[in-house]
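Sequential numbering of the sequence shown, starting at 1, is according to this note's numbering.
Here the structure comes first, spelled out in structure tokens, and everything after it is commentary.
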Amino acid sequence: AVLLLLVGQGLAPNFAAAENPANTMTKEAQQTITPGEALAMLKRGNQRFVDDKMVNRDYAAQVKQTSRGQFPFASIVSCLDSRIPPGIVFDRGVGDLFVARVAGNFVNDDTLGSLEFASKLAGSKLIVVMGHTECGAVKGACDGAQLGLLTATLANINPAVNAVQGDYKPRSSKNPAFVQAVAEKNVHLTMQKLRDRSIVLREMIDSGEVGLVGAMYDVSTGQ
Numbered sequence: 001a002v003l004l005l006l007v008g009q010g011l012a013p014n015f016a017a018a019e020n021p022a023n024t025m026t027k028e029a030q031q032t033i034t035p036g037e038a039l040a041m042l043k044r045g046n047q048r049f050v051d052d053k054m055v056n057r058d059y060a061a062q063v064k065q066t067s068r069g070q071f072p073f074a075s076i077v078s079c080l081d082s083r084i085p086p087g088i089v090f091d092r093g094v095g096d097l098f099v100a101r102v103a104g105n106f107v108n109d110d111t112l113g114s115l116e117f118a119s120k121l122a123g124s125k126l127i128v129v130m131g132h133t134e135c136g137a138v139k140g141a142c143d144g145a146q147l148g149l150l151t152a153t154l155a156n157i158n159p160a161v162n163a164v165q166g167d168y169k170p171r172s173s174k175n176p177a178f179v180q181a182v183a184e185k186n187v188h189l190t191m192q193k194l195r196d197r198s199i200v201l202r203e204m205i206d207s208g209e210v211g212l213v214g215a216m217y218d219v220s221t222g223q
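Have a look at this one:
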């Protein structure tokens with residue numbers, strides 16, 4: 001994924017963890033992973049996905065191995081879009097990732113509370129806020145779409161629409177450059193909201209206990 005922003009200590013992207021991605025994550029393994037290593041693991045997994053060299057996993061065995069506990073090393077906030085299943089695009093197995101998905105990959109208090117659980121209580125070392133190209137929710141927000149409860153959902157993306165500066169004409173879904181700019185701005189604002197709204201997560205990020213990264217997924221390449 002294209003790295004937009006890193007927040008926290010110990011987040012060198014090229015710092016590789018010594019891990020076998022085919023293995024089920026254990027408590028001991030999770031405890032030794034740093035935020036930087038978690039990031040490197042995700043980047044290597046995405047490269048395997050792009051190169052069509054994904055790990056051969058025994059999912060049935062992993063279900064049994066995780067039946068009495070889970071020790072995910074990262075948490076992903078992503079869009080509802082069917083083309084970006086995080087577990088697949090990062091080539092991870094059962095029990096590796098916490099995933100929160102909503103159209104437009106924004107956070108509210110329910111999502112933040114879930115991320116607090118994932119990070120503070122369950123030991124996840126990294127939070128990834130991942131937007132993507134050709135996002136229908138972003139396009140809808142750019143056009144001011146109105147449809148039932150979706151109207152309120154898309155309103156969460158409006159700050160990004162309004163924050164994008166520049167001579168974009170038109171400022172609508174008909175302009176791919178504007179849509180991309182809004183999608184990227186939405187990731188940045190979501191990361192900022194996460195820090196502003198959650199004291200728990202902000203303290204963990206500032207201390208280096210947990211990392212926070214922003215990324216964009218390209219639906220045409222898988223990267």
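Just so it is clear, CB atoms sit at the ideal spot from N, CA and C, and this is done for glycine as well.
Quantities reported herein were computed from a predicted structural model and do not represent experimental measurements.
Taking the alpha helix (DSSP H) that Arg202 belongs to, which residues open and close that run? Residue mapping note: residue 202 aligns to position 202 of the sequence shown, counting from 1. It spans 199–207 - the alpha helix (DSSP H) in which Arg202 sits, taken as one unbroken run.
Use the C-beta contact count for Lys125: other C-beta atoms within 10 angstroms, 16 or more gives buried, fewer gives exposed. Taking the sequence shown and counting its residues from 1, the one referred to as residue 125 is at position 125. With 16 or more other Cβ atoms within 10 Å, it is buried.
By a C-beta neighbour count over all protein chains shown, 10 Å radius and 16 as the cutoff for buried, is Thr190 buried or exposed? One-based indexing of the sequence shown puts residue 190 at position 190. So Thr190 ends up on the buried side.
DSSP on Pro80, reduced to helix/strand/coil? Here residue 80 corresponds to residue number 80 of the sequence shown, with the count starting at 1. Sequence inspection shows Leu at residue 80; the Pro mentioned does not correspond to that position. Leu80: coil per DSSP, three-state reduction.
Please state whether DSSP places Ala1 in a helix, a strand or coil. Sequence index remark: in the sequence shown, residue 1 carries index 1 (1-based). Since pLDDT at Ala1 reaches only 45, below the 50 mark, its modelled position is unreliable, and no value is offered.
Classify Val210 as helix, strand or coil using the three-state DSSP reduction. Position 210 of the sequence shown, counted from the first residue, corresponds to residue 210. Reduced to three states, the DSSP call for Val210 is coil.
Pairwise C-alpha distance: Gln223 and Val50: Within the sequence shown, numbered from 1, the residue matching residue 50 stands at position 50. Within the sequence shown, numbered from 1, the residue matching residue 223 stands at position 223. So the two alpha carbons sit approximately 6 Å from each other.
Which of the three DSSP states is assigned to Asn14 in this structure? Indexing the sequence shown from 1 puts residue 14 at position 14. With a pLDDT of 40 at Asn14, under the threshold of 50, the predicted position of this residue should be treated as unreliable, and no value is reported.
Taking just the CA atoms, how far does Ala160 sit from Leu97? The sequence position of residue 97 within the sequence shown is 97, counting from 1. The sequence position of residue 160 within the sequence shown is 160, counting from 1. One C-alpha to the other measures close to 27 Å.
Roughly how many whole angstroms lie between the Cα atoms of Val138 and Gly93? Locating residue 138 in the sequence shown gives position 138, counting from the first residue. Locating residue 93 in the sequence shown gives position 93, counting from the first residue. Going by the C-alpha atoms only, they are around 29 Å apart.
For Lys185, does the count of other Cβ atoms within 10 angstroms reach 16, so buried, or fall short, so exposed? The sequence position of residue 185 within the sequence shown is 185, counting from 1. Result: buried.
Val219 by DSSP, collapsed to three states: which one? As a working mapping, residue 219 is identified with position 219 in the sequence shown. In this structure, DSSP gives Val219 a state outside helix and strand, which the three-state scheme calls coil.
Val187 and Gly214 closer than 7 Å at C-beta: Walking along the sequence shown from the start, residue 187 turns up at place 187. Walking along the sequence shown from the start, residue 214 turns up at place 214. Their beta carbons are under 7 Å apart, which means Val187 touches Gly214 by this criterion.
Flag this pair as yes or no: are the beta carbons of Val55 and Pro86 separated by less than 7 Å? Numbered from 1 along the sequence shown, position 55 holds the residue referred to as residue 55. Numbered from 1 along the sequence shown, position 86 holds the residue referred to as residue 86. No, the pair does not count as a contact, with Cβ atoms beyond the cut-off.
Among Asp58, Phe90, Ile205, Leu150, which residue has its Cα nearest to the Cα of Arg48? Residue mapping note: residue 48 aligns to position 48 of the sequence shown, counting from 1. Ranking the options by Cα distance to Arg48, first place goes to Phe90.
For Ala100 versus Ser82, is the C-beta distance shorter than 7 Å? Position 100 of the sequence shown, counted from the first residue, corresponds to residue 100. Position 82 of the sequence shown, counted from the first residue, corresponds to residue 82. Contact: no.
Among all the DSSP beta bridges, which residues are the ones paired with His227? Past the boundaries of the shown model lies residue 227; the chain is included only from 1 to 223, so the question cannot be answered.
Could you tell me if Glu203 is buried or exposed, where buried requires 16 or more neighbouring beta carbons within 10 angstroms of its beta carbon? Position 203 of the sequence shown, counted from the start, is the residue given in the question as residue 203. Taking all protein chains shown into account, Glu203 has fewer than 16 neighbouring C-beta atoms within 10 Å of its C-beta and is therefore exposed.
Measuring straight from C-alpha to C-alpha, what distance separates Leu39 and Gly144? The residue you call residue 39 lines up with position 39 of the sequence shown. The residue you call residue 144 lines up with position 144 of the sequence shown. Going from the Cα of Leu39 to the Cα of Gly144 covers about 35 Å.
Counted within 10 angstroms of its Cβ, other Cβ atoms place Ile84 as buried (16 or more) or exposed: In the sequence shown, counting from the first residue as 1, residue 84 sits at position 84. When all chains shown are included, Ile84 counts as buried.
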